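**Student:** The working numbering applies: residue 10 is where the sequence shown begins, and numbers increase by one. Ideal placement from N, C-alpha and C gives every residue a C-beta, glycine not left out. The structure presented is a predicted model; accordingly, all values stated were derived computationally and were not measured. The structure under discussion is supplied below as structure tokens; questions concerning it will follow.
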Amino acid sequence: MPTDEQKAPGLIRDIRQTETEKTEGAPRSLAEIRQELGEMKVERRALRLRVTEEERAAEEEIRARLEEKITVLEQALADDGHENLADLADDFAASAELIHEARLAGLFELFELSEFDDRLVALYDRLREKNPSPAEETEGLARFEAEMSKEFLLRELEQLYNDTTQQVRALYEQMQAMAPNAVQNCAEGLCRCADDLFNFEVGGVLRVDEFVGYVNVLRENHAALIKVAAGREEELPERFTTLMQDVERLIAKHESNLADVKALLEGKENVMSFERYNELAVELAANYKYYIEWQRQMVKQSHSESISALKAGEIRKDEANWSGIGTTKDGRRFQIGLRGKKGCEYGRCANCCLFHGSADASITAADIATQFDRALDQEGLTPRSEAGKPEWSGEGQQDIYRIDFNGSGSFLNDAEMPREARLAIFDRLAKLPFTTILIESRVEYIDQAKIKELQDRLRPDQKLEMAIGLESANNLVRELSVAKGYSLEEFERSVEVLAAQGVDVLVYSIVKPALLKEKEALEDSLYTGRYLGDLAQRIKDKTSNPAFSLTMKLEQAFIQKGGYLDYLHNKKRKTAGPGAAGSGSPDSDSLYETPWSFTIANIVERLCDEGINKQINIQIGRSDDFPPPVDITRNRTPDGVPHNESTKAVDDAMQQFNIDGDAEKLSAALLAVQTSHPEVFAAWQAKLES
């Protein structure tokens, strides 16, 4: 067994990013990857849960094509007189690309694809032996190395699992001879496996069925470690217990996701089929690996721009990121995005991009309190007190009754928003006319003591509301397309805690996460609305709080510079062509385009038709934010050109619905838009069917 000083490489290497990548930001070459992996092979293990006849037929066709190409390469390399290196290199590249396409199509087991890789690389080595310094490095060889690099990178996860599995097996067989720290080392390795598997950056390289297969391996190792720990007589380190609890928590967190996969395999559909979920996972995987490096460069650029703006006085520590007046039920709201000490600490949701100029580590609690005061002044919101009750002094301001703290993260996270700043702001709120105060937080920061501390500073007529980003009630959409990082069960527990303390809840639901089709996005939002309607009643019953109010906030997707959606928007589809739907659109061949305004409106209409608006409040966010978006939700012409007139008309109708909640008035307004712009409405309907 390895000692502390001799831990297996798989346990001490971060497989997502090597030290070279961290310092230089450059991807490793095929030679470097092979040197690091050595002779490591992929275990002959079946991971796929179901293989269709169509897939088997496709596999046989690809296998035949690959064998034919490999035979051609072998014959060419056996012929000492061959002259055309460029043609040979193109054959290598075509073979590698065929393997990679098969992988993205979900064909073959991992070990089968790896065996093809090994055969090609062996032939490639023979070519290099014959041509150690070719007169010209051909494009074909560069393409081959690029494709093989992608394939070999996936072996790092396999190596990490193999290393840890071997340690667990050896640990179980040699219990009596082990040192106490060997158990801890294995537990640490197992937790690394769990962290990497459940992290969107690494988990994204797996198809859904592969994900299930690795979870099963993880559970087997987990069970073995529990037996080892129970069988030891000496006292174990406290950290070991914590590690095991972490493993159990990580596995339990994804139980609902796995249950959804099993249901899909049984033929049930939840927004989309099992095959479509696999396709979605593969497409996300193929892009997210390369987005990580792209985002790293964007963060550097953004940080540099923010520093320059601070030095030039364009950004001030005592000024909020933004503020403004928006619509809300029965009135208007004051919105503010405070500049905290850091942006969202989690920072991995695929639909968000909250690092650009949104925070500064040197900002103090006093700076943040001043931001709040200055934003009120800039909007002309000055209170006056008459008969002890504060009112706005400005004419026509009496309908501004709520304030929304729409920051760049979690209001309850001390690392983002210092406690002193929170308390100072809430002391000020007690003297202002606002009667509803909304703050935002991820579920991990929602704490009874923190909530009570804020409530105690408010007047009896003031009510606290908490905004939580669920985004989608569909476990697999939330995991694959959003990477939210918490389960439906964790979300429900937080809502229950809040309701029990008399806090209402607003739930953000993103319309059209990464790579969902227009119709899938519509169905996903409908599914989420129905779930929230049911949840609201369950929470009322469970907490004995009939006054509890839950609001679904439909967030129109928009693209922010540097985010995952921006990356996908800038990347072109290989399959786009003259026959593709909407091929005239400037972004029709992009991997992501924002949803249509008609889609947002249709979601609201259908939820109202089903009576969901009687169970929960429904509000629609505007398609803009901070930082300013690159692109927003919009309607388009049949040629794909943005249609601003119908977009504005639909958005105005939805903002009026925010105020009065009148579903009939909304439907009448939308019908008028459809009648005035039939060609745009028809283009939207065609988009749903594409």
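Return the chain-ordered list of same chain residues with a C-beta closer than 8 Å to the C-beta of Leu563, the five sequence neighbours on each side being excluded.
**Tutor:** Ser518, Val520, Ser534, Ile609, Ile612, Val613, Ile627, Gln628, Ile629 and Gly630
**Student:** Give the secondary structure of Gly346 by DSSP, where H, G and I count as helix, E and B as strand, and everything else as coil.
**Tutor:** strand
**Student:** Could you tell me if Lys159 is buried or exposed, where buried requires 16 or more neighbouring beta carbons within 10 angstroms of its beta carbon?
**Tutor:** Lys159 should be labelled buried.
**Student:** Please classify Pro687 as buried or exposed, where buried requires at least 16 other C-beta atoms within 10 Å of its C-beta.
**Tutor:** Exposed: under 16 other Cβ atoms inside 10 Å.
**Student:** In whole angstroms, what separates the C-alpha of Ala492 from that of Val280?
**Tutor:** Ala492 and Val280 have their alpha carbons spaced roughly 18 Å apart.
**Student:** From the DSSP output, read off the bridge partner residues of Arg466.
**Tutor:** For Arg466, which the question treats as bridged, DSSP gives no partner whatsoever.
**Student:** Looking at Ser417: is its Cβ nearer than 8 Å to the Cβ of Gly335?
**Tutor:** no
**Student:** Just how far apart, CA to CA, sit Ile372 and Ala430?
**Tutor:** 11 Å
**Student:** Between the stretch 554-571 and the stretch 320-333, can you find at least three pairs of beta-carbon atoms closer than 8 Å?
**Tutor:** The way I'd put it, the stretch 320-333 doesn't touch the stretch 554-571; fewer than three beta-carbon pairs between them come closer than 8 Å.
**Student:** Going by the beta-carbon positions, is the gap between Glu480 and Ile446 smaller than 8 Å?
**Tutor:** no
**Student:** Grouping DSSP H, G and I as helix and E and B as strand, with all else coil, what is Met704?
**Tutor:** In the structure as shown, the chain starts at 10 and stops at 699, and residue 704 therefore has no counterpart that could be examined.
**Student:** Quick one, are the C-beta atoms of Phe435 and Leu390 less than 8 Å apart?
**Tutor:** no
**Student:** Count the other CB atoms within 10 Å of the CB of Pro442; is the residue buried (16 or more) or exposed (fewer)?
**Tutor:** It counts as buried.
**Student:** State the DSSP-derived secondary structure class of Glu400, mapped to helix, strand or coil.
**Tutor:** strand
**Student:** Should Pro427 go down as buried or exposed, given a rule of 16 or more other Cβ atoms within 10 Å for buried?
**Tutor:** buried
**Student:** Measure the alpha-carbon distance for Ala233 versus Cys202 and round it to whole angstroms.
**Tutor:** 15 Å
**Student:** For a quick check, are the C-beta atoms of Ala103 and Lys78 less than 8 Å apart?
**Tutor:** Ala103 is a Cβ neighbour of Lys78, given a cutoff of 8 Å.
**Student:** For Leu489, count neighbouring Cβ atoms within 10 angstroms of its own Cβ and tell me buried if that reaches 16, exposed if not.
**Tutor:** Under this definition Leu489 is a buried residue.
**Student:** With a threshold of 7 Å on Cβ separation, who are the neighbours of Glu532 within its own chain once the five nearest residues in sequence on each side are excluded?
**Tutor:** Once the five neighbours on either side are set aside, the close Cβ partners of Glu532 are Val280.
**Student:** For Lys551, which of helix, strand or coil comes out of DSSP?
**Tutor:** helix
**Student:** So Gly149 packs on Ala85, CB below 8 Å; how close in whole Å?
**Tutor:** Not quite, the Cβ-Cβ distance comes to about 13 Å (not below 8 Å), so this is no contact.
**Student:** From Ile71 to Glu110, what distance separates their C-alpha atoms?
**Tutor:** Here the C-alpha atom of Ile71 lies approximately 10 Å from the C-alpha atom of Glu110.
**Student:** Over what stretch of residues does the beta strand (DSSP E) that includes Met157 continue unbroken?
**Tutor:** That residue, Met157, is in no beta strand (DSSP E); its alpha helix (DSSP H) goes Glu148 to Leu162.
**Student:** Excluding five sequence neighbours on each side, which residues of the same chain lie with their C-beta closer than 6 Å to the C-beta of Ala508?
**Tutor:** Ile548, Thr552, Asn554 and Phe557
**Student:** Which residues bound the beta strand (DSSP E) around Ala476?
**Tutor:** Lys472 to Gly478
**Student:** Looking at Phe607 and Phe666, is the spacing between their C-beta atoms short of 8 Å?
**Tutor:** no
**Student:** Tell me, please, which residues DSSP counts as bridged to Leu559.
**Tutor:** For Leu559, which the question treats as bridged, DSSP gives the partners Val514.
**Student:** Here's the rule I'm using: 16 or more other beta-carbon atoms within 10 Å means buried, otherwise exposed. How should Lys696 be labelled?
**Tutor:** buried
**Student:** I'd like to check one pair, Ala545 with Ile625: are the Cβ atoms closer than 8 Å?
**Tutor:** yes
**Student:** From the DSSP output, in three-state form, read off Asn279 for me.
**Tutor:** strand
**Student:** Pick helix, strand or coil for Leu447, following the three-state DSSP scheme.
**Tutor:** In the structure shown, Leu447 sits in a strand (DSSP, three-state: E or B).
**Student:** I'd like to check one pair, Asp269 with Asn484: are the Cβ atoms closer than 8 Å?
**Tutor:** yes
**Student:** Starting from Arg411, follow the beta strand (DSSP E) in both directions and report where the run begins and ends.
**Tutor:** Ile409 to Phe414
**Student:** Does Thr337 come out as helix, strand or coil in the three-state DSSP assignment?
**Tutor:** Thr337 falls in the strand class under three-state DSSP.
**Student:** Out of curiosity, what's the CA-to-CA distance linking Val639 and Glu76?
**Tutor:** 47 Å
**Student:** According to DSSP, which residues form a beta bridge with Ser332?
**Tutor:** Ile345
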